[in-house]
Amino acid sequence: MTYTVTLIPGDGIGPEVAFAAKRVIDATGVPIEWEIVEAGGDVMYKYGTPLPEETIESIQRNRVALKGPITTPIGSGFRSVNVQLRQRLHLFANYRPAKSIPGVKTPFENVDLIVVRENTEGLYSGIEHVVVPGVVESLKIITREATERVARFAFEMARRDGRKKITAVHKANIMKLSDGLFLEVCRQVAREYPDIQYEEAIVDATAMRLVLNPHQFDVLLMENLYGDILSDLTAGLIGGLGLAPSGNIGEHYAVFEAVHGSAPDIAGQNVANPTALILSGVLMLRHLGEQEAADRVQRAVEQTIAEGIRTRDLGGTATTSEFTDAVIARVQA
Ligand code: NAD
Numbered sequence: 012m013t014y015t016v017t018l019i020p021g022d023g024i025g026p027e028v029a030f031a032a033k034r035v036i037d038a039t040g041v042p043i044e045w046e047i048v049e050a051g052g053d054v055m056y057k058y059g060t061p062l063p064e065e066t067i068e069s070i071q072r073n074r075v076a077l078k079g080p081i082t083t084p085i086g087s088g089f090r091s092v093n094v095q096l097r098q099r100l101h102l103f104a105n106y107r108p109a110k111s112i113p114g115v116k117t118p119f120e121n122v123d124l125i126v127v128r129e130n131t132e133g134l135y136s137g138i139e140h141v142v143v144p145g146v147v148e149s150l151k152i153i154t155r156e157a158t159e160r161v162a163r164f165a166f167e168m169a170r171r172d173g174r175k176k177i178t179a180v181h182k183a184n185i186m187k188l189s190d191g192l193f194l195e196v197c198r199q200v201a202r203e204y205p206d207i208q209y210e211e212a213i214v215d216a217t218a219m220r221l222v223l224n225p226h227q228f229d230v231l232l233m234e235n236l237y238g239d240i241l242s243d244l245t246a247g248l249i250g251g252l253g254l255a256p257s258g259n260i261g262e263h264y265a266v267f268e269a270v271h272g273s274a275p276d277i278a279g280q281n282v283a284n285p286t287a288l289i290l291s292g293v294l295m296l297r298h299l300g301e302q303e304a305a306d307r308v309q310r311a312v313e314q315t316i317a318e319g320i321r322t323r324d325l326g327g328t329a330t331t332s333e334f335t336d337a338v339i340a341r342v343q344a
């Protein structure tokens with residue numbers, strides 16, 4: 012059976028890392044036909060929107076996509092394509108594992124955390140307005156329905172993957188209603204999973220505890236903004252954004268992408284680390300049920316890095332394409 016998968020190259024370093032990941036996945040021999048579609052500021056002139064309907068329809072048709080990062084203008088301009096995609100396709104859970112890669116020197120060894128981030132609401136609902144000049148209001152939306160969906164996703168995933176503990180991260184001491192509802196729903200769902208330990212932690216203390224001793228956590232479950240921030244922190248714990256993959260998962264569709272952005276500072280130089288997107292491809296292969304190919308790519312990436320073939324962000328000198336070629340050679344060995 013041949014899979015058809017949507018590929019969104021994105022912008023900045025997006026095309027460099029997206030086509031690197033595609034080459035590695037193709038090297039596994041899993042038959043994938045890629046449907047390449049566009050999104051982002053660069054296509055505004057062509058479609059009049061940064062998120063063309065063709066792109067949404069392609070994902071709806073194929074159900075699975077691999078996506079490069081897309082730049083979002085700061086302060087003004089169009090709404091984030093990434094946020095729009097997650098909302099339009101109801102990709103309610105953002106799954107962000109942070110697992111140490113052997114040989115990458117960091118302050119902690121054997122980090123193995125998963126951040127599960129609510130992906131459609133919170134402060135990213137995009138409901139903002141000027142009350143009077145000099146005063147603006149951004150609304151934080153928390154619903155029972157979205158919280159229950161993401162909490163259930165986290166507990167089901169924990170059970171499936173043999174994880175022991177879920178920590179719900181919040182600021183319900185201050186945001187008593189919104190984060191209060193988030194916690195109330197997490198507690199209700201937790202009661203249905205007595206085999207998984209459940210605890211709660213305040214977000215600021217969690218940030219400190221993560222950098223003191225990440226081993227005290229297992230799965231971290233949180234609303235949108237906290238998940239955005241803390242998953243960059245957990246990426247830092249394993250060696251940086253160049254290594255952190257993610258999956259945006261909904262009931263019908265799944266979009267896999269790196270945690271990092273379009274890195275305009277290094278775009279077009281063939282120096283970006285494609286590992287994060289290659290490992291997002293590993294998550295995609297697992298989602299498709301291609302476990303053997305996923306394991307092979309994972310091992311190939313680990314071997315390549317362990318043998319000292321590394322991009323600049325990890326202290327090496329390999330270019331994006333040299334690193335990718337080295338991974339492909341090990342996938343095919
Ligand atoms: P960024 O993640 O693009 O970059 C942060 C730092 O990490 C930069 O120094 C960059 O060079 C480095 N970096 C990131 N990825 C790397 C890689 N693969 N290899 C080596 N170094 C890497 O964050 P930013 O600069 O804050 O954001 C740039 C743009 O990306 C913004 O417009 C932002 O909105 C967008 N963004 C998009 C996504 C997405 O598409 N899902 C996610 C985050 C940010």
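Its first residue numbered 12, the sequence shown is counted upward by one per residue in the working numbering.
Using N, Cα and C, we set each Cβ at its ideal position, and we do this for glycine too.
Taking the Cα positions, R160 is about 29 Å away from D306.
When the five nearest sequence neighbours on each side are left out, the beta carbons in the same chain lying within less than 7 Å of the beta carbon of F119 are those of P225, L248, in order along the chain. The C-beta distance from E211 to L194 rounds to 6 Å, short enough to fall under 8 Å. Nearest to A29 by C-alpha distance, out of E234, S291, A38, is S291. The beta carbon of C197 sits closer than 6 Å to those of A162, A179, all from its chain and outside the five residues before and after it, given in chain order. Relative to G79, the option among K33, V126, Y135, Q302 whose CA is nearest is K33. Selection around ligand 1 by beta-carbon proximity, strictly under 5 Å to any non-hydrogen atom, yields P80, I81, T82, T83, N93, L252, G253, H271, G272, S273, A274, D276, I277, A283, N284, D324 in chain order. In this structure A104 touches F164 by the C-beta definition: roughly 4 Å separates them, less than 8 Å. According to the DSSP assignment, H181 belongs to the beta strand (DSSP E) that extends over 176–181. Residue pairing for Q208: DSSP places it in a beta bridge opposite K176. When DSSP states are grouped into helix, strand and coil, M295 belongs to the helix group.
Taking 8 Å as the cut-off, the Cβ atoms of E156 and S149 do not count as close. Short of 6 Å from the beta carbon of V75, and not among the five residues preceding or following it, lie these beta carbons of its own chain, in chain order: V16, A265.
The alpha-carbon of S273 is positioned some 11 Å away from that of G279. Under the DSSP assignment, G247 falls outside any beta strand (DSSP E), being part of the alpha helix (DSSP H) whose first and last residues are 235–248. Non-local C-beta neighbours of Q309 in its own chain, meaning closer than 8 Å and more than five positions away in sequence, comprise L290, V293, ordered along the chain.
In this chain, the alpha helix (DSSP H) harbouring N73 covers 64–73. Approximately 6 Å separates the beta-carbon atoms of Y106 and S257; this is inside 8 Å, confirming the contact. For L296 against I36, the beta-carbon gap comes to about 7 Å, under 8 Å, which counts as contact. Cβ neighbours of F267 within its own chain (closer than 6 Å, five residues either side excluded): L77, G258, S291, L294, M295.
In the DSSP assignment, V230 forms a beta bridge with I125, I177.
With a cutoff of 8 Å on beta-carbon distance, I67 and R99 are scored as near each other.
8 Å or more divides the Cβ of G25 from the Cβ of V92. Between L102 and the set Q343, E262, D336, N281, the nearest pair of CA atoms involves E262. The DSSP-derived three-state label of A218 is helix. One thing to note: T82 has its Cβ within 8 Å of the Cβ of P275. For Y56, the number of other beta carbons within 10 angstroms of its own is below 16, and it is reported as exposed. A Cβ-Cβ separation of about 13 Å leaves V338 out of contact with A304 under the 8 Å criterion. By the neighbour-count criterion, in which 16 or more other beta carbons inside 10 Å mark a residue as buried, I47 falls on the exposed side. Annotated three-state conformation of S257 is strand, per DSSP. For the pair L236 and G133, the CB atoms are nearer than the 8 Å cut-off. Distance from K176 to V230 at the Cβ level is roughly 7 Å; contact confirmed, criterion being Cβ atoms closer than 8 Å.
Ranked by Cα distance from E203, the first of R170, T217, S189 is R170. In this structure, N284 lies near D324, with their beta-carbon atoms less than 8 Å apart.
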